[in-house]
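Reviewing the structure listed below.
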Amino acid sequence: GENVEQHPSTLSVQEGDSAVIKCTYSDSASNYFPWYKQELGKGPQLIIDIRSNVGEKKDQRIAVTLNKTAKHFSLHITETQPEDSAVYFCAAIGNNDMRFGAGTRLTVKP
Amino acid sequence: IAGITQAPTSQILAAGRRMTLRCTQDMRHNAMYWYRQDLGLGLRLIHYSNTAGTTGKGEVPDGYSVSRANTDDFPLTLASAVPSQTSVYFCASSGDSGKAFFGQGTRLTVV
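Protein chains in written order, with this note's numbering: chain A, 1 to 110; chain B, 1001 to 1111.
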């Protein structure tokens, strides 16, 4: 099955700085890569996703890049704000078997 | 019901007891999933179902069973709970777009 690795496990940035979270996957058949944000006591919520036929996607302050050859994808958050503080998960999907990375706890210091 | 709903929200269960966690969605999504979330281990897939009538095993299926009698419901059963099954359980569903939506979770403590 798919194996997804995510780094770093924790990330602390100053408000206004950028944050980058990286993931790698093992199954070349995976074709859909979503990112989720989880706040304390809540379920994960989809914030952005990318499909294997696209190299980059941007939505306001959030962007995701995908390198299919190297089997890695990254989340970029610019101009971070305290409300961006949460745990972020990457995932890879192929054949409806959705596997997650271990998560990154992002702290944005005011 | 709007979206995906899990019940109960939390439960304390004696070891050896049987327990069913409920999950219902009203989005007519074909695929549904059960995950457990433990500190430092992220979300691990227990079982999944691509469509009504079919199920598959995920990363950590032992000790759990699922059924998918219809599109909306995907219950997860612990036949004989053990303390290592103490966790937060999340149900999710996804449609043709692949975008998955999660329930609010069930916090289960096995004592």
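We treat Cβ as the ideally placed atom computed from N, Cα and C, and that holds for glycine.
Start-to-end residues for the beta strand (DSSP E) that takes in residue i
{"i": "lysine 1099 of chain B", "result": "Neither: lysine 1099 of chain B is in no beta strand (DSSP E) and is coded neither H nor E."}
{"i": "threonine 1071 of chain B", "result": "From DSSP, threonine 1071 of chain B is part of no beta strand (DSSP E); its letter is neither H nor E."}
{"i": "methionine 1019 of chain B", "result": "1019-1025"}
{"i": "tyrosine 67 of chain A", "result": "In the sequence on display, residue 67 of chain A carries asparagine and not tyrosine. Element bounds for asparagine 67 of chain A: 62-67."}
{"i": "glutamate 5 of chain A", "result": "4-7"}
{"i": "aspartate 97 of chain A", "result": "97-100"}
{"i": "lysine 22 of chain A", "result": "19-25"}
Simplified DSSP assignment, three categories, for residue i
{"i": "glutamate 83 of chain A", "result": "helix"}
{"i": "serine 1010 of chain B", "result": "strand"}
{"i": "proline 34 of chain A", "result": "strand"}
{"i": "glutamine 1085 of chain B", "result": "helix"}
Buried versus exposed, by CB contacts within 10 Å (16 or more), residue i
{"i": "proline 34 of chain A", "result": "buried"}
{"i": "glutamine 60 of chain A", "result": "exposed"}
{"i": "arginine 1068 of chain B", "result": "buried"}
{"i": "leucine 40 of chain A", "result": "exposed"}
{"i": "valine 54 of chain A", "result": "exposed"}
{"i": "arginine 1036 of chain B", "result": "buried"}
{"i": "glutamine 81 of chain A", "result": "exposed"}
{"i": "glutamate 2 of chain A", "result": "buried"}
Alpha-carbon spacing of residue i relative to residue j, whole angstroms
{"i": "phenylalanine 89 of chain A", "j": "isoleucine 1012 of chain B", "result": "28 Å"}
{"i": "glutamate 23 of chain A", "j": "isoleucine 1004 of chain B", "result": "A small fix is needed here, since residue 23 of chain A is cysteine in this sequence, not glutamate. The straight-line gap from Cα to Cα measures roughly 27 Å."}
{"i": "phenylalanine 73 of chain A", "j": "serine 9 of chain A", "result": "16 Å"}
{"i": "lysine 57 of chain A", "j": "serine 30 of chain A", "result": "17 Å"}
{"i": "isoleucine 62 of chain A", "j": "valine 1082 of chain B", "result": "41 Å"}
{"i": "cysteine 1091 of chain B", "j": "lysine 1057 of chain B", "result": "14 Å"}
{"i": "alanine 92 of chain A", "j": "serine 28 of chain A", "result": "10 Å"}
{"i": "threonine 1020 of chain B", "j": "serine 18 of chain A", "result": "43 Å"}
- Task: Could you name the residues of the segment 1079-1096 of chain B whose beta carbon sits closer than 7 Å to any beta carbon of chain A, in the order they occur along the chain?
- Result: Phe1090
- Task: Using a Cβ-Cβ cut-off of less than 7 Å, give me the residues of the segment 1010-1035 of chain B that come near chain A, in sequence order.
- Result: Ala1031 and Tyr1033
- Could you please tell me which residues of the segment 91-104 of chain A, in chain order, have their CB closer than 9 Å to any CB of chain B? Ala91, Ile93, Asn95, Asn96, Asp97, Met98, Arg99, Phe100, Gly101, Ala102 and Gly103
- Task: Determine which residues of the segment 36-60 of chain A have a Cβ less than 9 Å from any Cβ of chain B, and write them out in chain order.
- Result: Tyr36, Gln38, Gly41, Lys42, Gly43, Pro44, Gln45, Leu46, Asp49 and Arg51
- With 9 Å as the C-beta to C-beta threshold (strictly closer), list the residues of the segment 22-36 of chain A near chain B in chain order. Asn31, Tyr32, Pro34 and Tyr36
- For the segment 61-78 of chain A, which residues have a CB atom closer than 9 Å to at least one CB atom of chain B, in sequence order? none
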